[in-house]
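**Q** Before I ask anything, here is the structure I am working with.
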Amino acid sequence: MGIIKSSDFYDLNIHALPDYADSPSRMMLEAKYMGYSGICLTSINPANTFRDTDITMPTPRDFEIYTGIEIQADNVSRLNKYINRSINKVDIITVSGGDEDINRGAVEDGRVDLLAHPASQGKPLNHVLSKAAADNGVAIDFNIDALIRYRGGSRVRILSALRQNTRLARKFDAPMVITSNARSHYDLRGPREMMALGMLMGMTREEALHALSTVPGSIINRNRNNNRIMDGVEVVQ
Amino acid sequence: MRESNRYLAISVTSEGDIPRRDLVNEILFCAATLLGDAGNSEMGIRLLSFEENKGIIRCRMDKVWETRAVLAIVTTIKGMRTRIKVLGVSGTVRGATEKYLLTQDINEPEPEIKRTQRIKECKMIIDVGTISGEVVNRNTNEIDLLSEDPHSLEILNRSNTRYFGITVFDIKDKEIDV
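Below you can see the structure in the form of structure tokens.
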């Protein structure tokens, strides 16, 4: 069995009702069909409140649903407030990046798990932010929806920023995660298609594979099993 | 000299029916925008067969990953949201057909059945309110719901789709019988 076939794949940023048009159970069915072993349903709304989705459908075998929140803030002190408010309610804390100050606030906070779409404004990260991300264990997101939603000049800008992010993350050894940032089930892609798009962003095949399987797996493991005592201190077996 | 090829079995999920011609045009257009004419000419992409939303695509042996990327870029065909999933890759047409197109996977839903004639109202309760609308497509457990009140339209616009994607488990009173 090949290494790709034997891996478990996770997609850590999927949006469902009431924020976007697909119900959680539909997303679960579609993601299972695409070949994932777990997805994170992320609440995203202007008030930054976490809405727990109660799924009336039995979870399929070998499949897990994680809860998350994508925090949108316009300055760093607000960001801290929102992180404090949702830290104990969700499995995965994601910060909606793009703005330079917010990117910086997110990668310097060890409680954040994922900095989502840091290149959405077409600007790459820099060496300071990548190093901070590596030190604090904040994963840098490579969102494939930038490639599938935009066409032409804006796609070129975002793609070159993402390539720069790959180079920086490789140099400073920051964790990389590929997510779909899906807003409907038509935005979901299979794991191998996500890997192919990750390779367009400058990753090697191994890096793309880890960005979909082991890195998100370790984030989930870290948060689910209460292995985290405080910032930077974890229980290691 | 003989070229070595790979054959990708694909399945297409869409909001409506996709004619073969539009699918071919969109795939070639995506290949051209993503990789340019030069890159495209090296891939040798060709749609060999396509019926009932399943088909086979040929490409050069060393360009399988690029072809996957091109297929992943396809989002809309003639204004209808579309998603292409690669079911598997094989070295022969026969292998791809037998392994991936003829076998019925357990996870794979039944082919989509159009039941537009017998439309029934269907309500769904979510924590901010109710979404009610007409059932457009029904496919074992999966339902596409068309809703037209302003709040729902806002959500649909945000997600850039026409229908809500729900399942039978979301419906509050299970009166639906399509």
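Taken in sequence, the protein lines are chains V and D. As numbered in numbering that gives the first Met the number 0, residues 0 to 236 make up the first sequence, in order. As numbered in numbering that gives the first Met the number 0, residues 0 to 177 make up the second sequence, in order. Glycine included, each C-beta is placed from N, C-alpha and C at the ideal position.
1) Mapping DSSP to helix, strand and coil, what is Arg117(D)?
2) Does Val48(D) have its Cβ less than 8 Å from a Cβ in chain V?
3) Using a beta-carbon distance below 8 Å, is Ile165(D) in contact with chain V?
4) For the alpha helix (DSSP H) that contains Asp21(D), what are its first and last residues?
5) Measure the beta-carbon distance from Ala132(V) to Ile139(V) and round it to whole angstroms, keeping in mind my assumption that it falls under 8 Å.
6) Am I right that Thr66(V) and Asp51(V) are in contact with their C-beta atoms under 8 Å? What's the rounded C-beta distance?
7) Taking only beta-carbon positions, decide if Arg80(D) is within less than 8 Å of chain A.
8) Starting from Val88(D), follow the alpha helix (DSSP H) in both directions and report where the run begins and ends.
9) Note down, in chain order, all residues in the segment 17-34 of chain D with a beta-carbon under 7 Å from any beta-carbon belonging to chain V.
10) How long is the line joining the alpha carbons of Ile3(V) and Val63(D), rounded to whole angstroms?
11) What in chain D is Cβ-close to Thr48(V), meaning under 8 Å?
12) What residue from Asn102(V), Ile86(V), Ile147(V) and Ile38(V) has the CA that sits closest to Leu11(V)'s CA?
13) Could you pull the DSSP bridge partners for Arg161(D) from this structure?
14) By Cβ distance, which residues of its chain are closer than 6 Å to Ser95(V), with the 5 residues on each side in sequence left out?
15) Any beta carbon from chain D within less than 8 Å of Gly97(V)'s own beta carbon?
16) For the segment 202-213 of chain V and the segment 21-33 of chain D, state whether three or more C-beta atom pairs, one from each stretch, are separated by less than 8 Å.
17) Would you mind reading off the limits of the beta strand (DSSP E) that contains Val214(V)?
18) Given a limit of 8 Å on CB to CB distance, which residues of the segment 84-96 of chain D reach chain V?
19) Just grab the DSSP bridge partners of Phe141(V) for me.
20) For chain V, find out if any of its Cβ atoms is closer than 8 Å to the Cβ of Thr74(D); answer yes or no.
21) Identify every residue that forms a DSSP beta bridge with Ala115(V).
22) Taking 8 Å as the CB-CB cut-off, is Ser131(D) touching chain V?
23) What span of residues does the alpha helix (DSSP H) with Lys53(D) cover, start to end?
24) What residues in the segment 196-216 of chain V have a beta carbon less than 8 Å from any beta carbon of chain D?
25) Does the separation of the CB atoms of Phe8(V) and Lys31(V) fall below 8 Å?
26) Assign Arg137(D) to buried or exposed, taking buried as 16 or more other Cβ atoms, counted over all protein chains shown, within 10 Å of its Cβ.
27) What does Val134(D) pair with, by DSSP beta-bridge criteria?
**A** In brief:
1) Unreliable placement is indicated for Arg117(D), whose pLDDT of 48 sits below 50; the coordinate value is still reported in the next sentence. Arg117(D): coil per DSSP, three-state reduction.
2) Going by the sequence as given, residue 48(D) is Ser instead of Val. Closer than 8 Å: no.
3) yes
4) Arg19 to Met42
5) 6 Å
6) 7 Å
7) No chain A is present in this structure, whose protein chains are V and D.
8) Here Val88(D) belongs to no alpha helix (DSSP H); instead the beta strand (DSSP E) covers Met79 to Ser89.
9) Thr32
10) 15 Å
11) Correct list: empty, because the minimum Cβ distance to chain D is about 11 Å.
12) Ile38(V)
13) In the DSSP output, where bridge partners are listed per residue, Arg161(D) has none listed.
14) Glu69, Gln71 and Ala115
15) no
16) no
17) That residue, Val214(V), is in no beta strand (DSSP E); its alpha helix (DSSP H) goes Thr213 to Arg223.
18) Lys84 and Val85
19) Ile177(V)
20) yes
21) Ser95(V)
22) no
23) Where Lys53(D) is concerned, there is no enclosing alpha helix (DSSP H), although the beta strand (DSSP E) it sits in stretches over Lys53 to Arg59.
24) Leu196, Met198, Leu199 and Arg204
25) no
26) buried
27) Leu144(D)
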